[in-house]
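Let me begin by presenting the structure, written as structure tokens, before commenting on it.
In the working numbering, the protein residues as written are 302 to 769.
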């Protein structure tokens with residue numbers, strides 16, 4: 302890939318910015334399908350709007366949750382790590398008492414993160430007002446504590462967890478108050494924002510434990526936890542709803558439950574137009590090492606036209622996300638390596654190119670069955686003008702592979718199912734194209750393609766199967 306592909310956020314940025322400016326809108330449920338680019342957008346937005354907002358971006362998917370009370374304890378550690386990475390934030394000796402529980406929090410974070418935590422702590426020493434030993438205890442005391450954990454001596458932790466069960470989850474402890482003050486001092490005249498991201502990836506068993514903790518706090522307190530001006534919960538509204546009703550029953554009041562997590566209404570993130578505008582560029586940056594395929598992936602190449610058509614329609618139908626779209630630019634198929642495709646006077650290159658395009662599409666949609674299911678959806682949809690497809694050129698290959706006769710004369714027709722197929726006369730006797738007499742070229746193409754893929758006709762035993 303020549304350069305990193307960046308999707309423009311400008312079309313959505315102004316709309317979301319206006320939403321955050323609504324007076325009193327202190328909680329936002331930021332909804333969008335998994336993989337559509339929610340995290341990317343939020344990072345870009347708050348980086349660009351740093352003069353107006355101080356954002357803390359955390360990901361509860363990493364939490365090793367023992368009970369509901371653990372969540373805020375883990376969040377304190379998460380926010381602390383975020384604070385340590387902010388410019389202008391220092392801790393001094395008088396802050397030390399607020400950190401006495403931190404070693405216990407590190408265990409809750411997950412034992413597999415211990416090395417990562419130590420490494421991060423060491424890199425943050427210059428940002429602390431005092432040596433890290435005085436402030437957090439990540440030196441002798443923490444190493445001793447780490448060794449105890451590795452020996453299985455977890456009594457200290459278990460005692461801490463027992464104590465936590467007796468706590469009111471909304472009470473203000475010393476560390477929470479310290480974080481609240483540090484955040485207030487850091488933001489100045491700006492708004493502080495806490496982003497709880499990637500709830501789509503949290504185990505369904507834990508999603509509602511996390512949300513329930515916030516629900517309990519919101520019901521008791523008028524302000525957000527840790528004094529944040531805005532809390533943004535990031536997930537797919539429809540997916541959370543489905544999970545909730547599956548867990549609590551179809552008659553459960555989901556709307557009444559979720560309205561605690563937004564002040565006005567959910568914000569539905571839609572960057573579809575910007576993604577569609579980038580499909581052309583994304584397809585051209587497919588990982589390819591075979592110079593013989595450069596033209597096929599280039600501006601008017603048949604691989605490019607095939608994939609562009611499928612991808613644009615799939616994004617428009619919201620059945621393909623950004624992660625799937627970018628797969629072919631990040632991972633390489635065998636056919637796209639040097640020697641994976643060859644030209645020759647006896648090789649039907651066009652047929653081979655179609656098969657490569659199909660394999661890239663299957664790879665992007667993860668598997669054959671998913672791709673076929675989505676082709677059925679796309680068949681019923683209108684085609685945007687930018688999603689052109691050379692149906693007439695592809696259909697003879699599909700017809701031959703499925704042993705359907707191609708008409709010999711210009712006016713003769715062949716019936717296949719509900720379709721009447723006619724040969725198109727052109728100046729090149731070597732080039733064959735066909736059309737559907739009643740203008741159903743696209744529908745015919747999709748039906749042929751679906752059968753061709755279901756029967757795995759794109760899988761060949763060797764180059765000889767591409768011989769003319």
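Virtual Cβ for every residue (Gly too), placed ideally from N, Cα, C.
Whole-number beta carbon distance between residue j and residue i, since they are thought to touch under 8 Å
| i | j | result |
| --- | --- | --- |
| residue 610 | residue 634 | Actually they do not touch by this definition, with Cβ atoms about 19 Å apart. |
| residue 585 | residue 598 | 6 Å |
| residue 503 | residue 362 | 5 Å |
| residue 759 | residue 656 | 4 Å |
| residue 533 | residue 372 | The pair is not a contact, with the Cβ atoms about 17 Å apart (cut-off 8 Å). |
| residue 567 | residue 549 | Not confirmed; about 19 Å, so no contact. |
| residue 485 | residue 354 | The pair is not a contact, with the Cβ atoms about 14 Å apart (cut-off 8 Å). |
Under 8 Å between C-beta atoms of residue i and residue j
| i | j | result |
| --- | --- | --- |
| residue 613 | residue 676 | no |
| residue 338 | residue 359 | no |
| residue 384 | residue 390 | yes |
| residue 627 | residue 306 | yes |
| residue 347 | residue 494 | yes |
| residue 619 | residue 314 | no |
| residue 617 | residue 654 | no |
| residue 631 | residue 312 | no |
| residue 514 | residue 357 | no |
| residue 564 | residue 325 | yes |
| residue 693 | residue 707 | no |
| residue 546 | residue 591 | no |
| residue 713 | residue 737 | no |
| residue 608 | residue 662 | yes |
| residue 581 | residue 327 | no |
| residue 754 | residue 672 | yes |
| residue 377 | residue 480 | yes |
| residue 666 | residue 625 | yes |
| residue 342 | residue 622 | no |
| residue 684 | residue 743 | yes |
| residue 735 | residue 717 | no |
| residue 490 | residue 540 | no |
Counted within 10 angstroms of its Cβ, other Cβ atoms place residue i as buried (16 or more) or exposed
| i | result |
| --- | --- |
| residue 477 | buried |
| residue 697 | buried |
| residue 703 | exposed |
| residue 316 | exposed |
| residue 757 | exposed |
| residue 332 | buried |
| residue 552 | exposed |
| residue 749 | buried |
| residue 543 | exposed |
| residue 745 | buried |
| residue 605 | buried |
| residue 417 | Only weak support is given to the placement of residue 417: the predicted model assigns it a pLDDT of 49, under 50, and the question is left unresolved by the model. |
| residue 498 | buried |
| residue 674 | exposed |
| residue 761 | exposed |
| residue 602 | buried |
| residue 387 | exposed |
| residue 379 | buried |
| residue 374 | buried |
| residue 726 | exposed |
| residue 658 | buried |
| residue 688 | buried |
Extent of the continuous alpha helix (DSSP H) run through residue i
| i | result |
| --- | --- |
| residue 839 | No statement about residue 839 is possible, as the shown extent of the chain runs from 302 to 769 and does not include it. |
| residue 341 | 339-349 |
| residue 744 | 742-755 |
| residue 627 | 623-631 |
| residue 317 | 311-321 |
| residue 761 | No alpha helix (DSSP H) holds residue 761; DSSP gives it neither H nor E. |
| residue 605 | 603-617 |
| residue 575 | 573-585 |
| residue 596 | 595-598 |
Residue i - containing beta strand (DSSP E), residue span
| i | result |
| --- | --- |
| residue 667 | Where residue 667 is concerned, there is no enclosing beta strand (DSSP E), given that its DSSP letter is neither H nor E. |
| residue 331 | 328-332 |
Any non-hydrogen atom of the ligand NAD closer than 7 Å to residue i Cβ
| i | result |
| --- | --- |
| residue 580 | Of ligands this structure carries none, so the ligand NAD is not represented either. |
Quick one: complete alpha helix (DSSP H) runs, 4+ long, within the segment 489-565? Listed in chain order, they are 505-521, 538-549 and 555-559.
Report the residue ranges of all alpha helix (DSSP H) runs contained in full by the segment 678-737; include only those spanning at least 4 residues, in chain order. For the segment 678-737, whole alpha helix (DSSP H) runs of length 4 or above, ordered along the chain, are 692-702.
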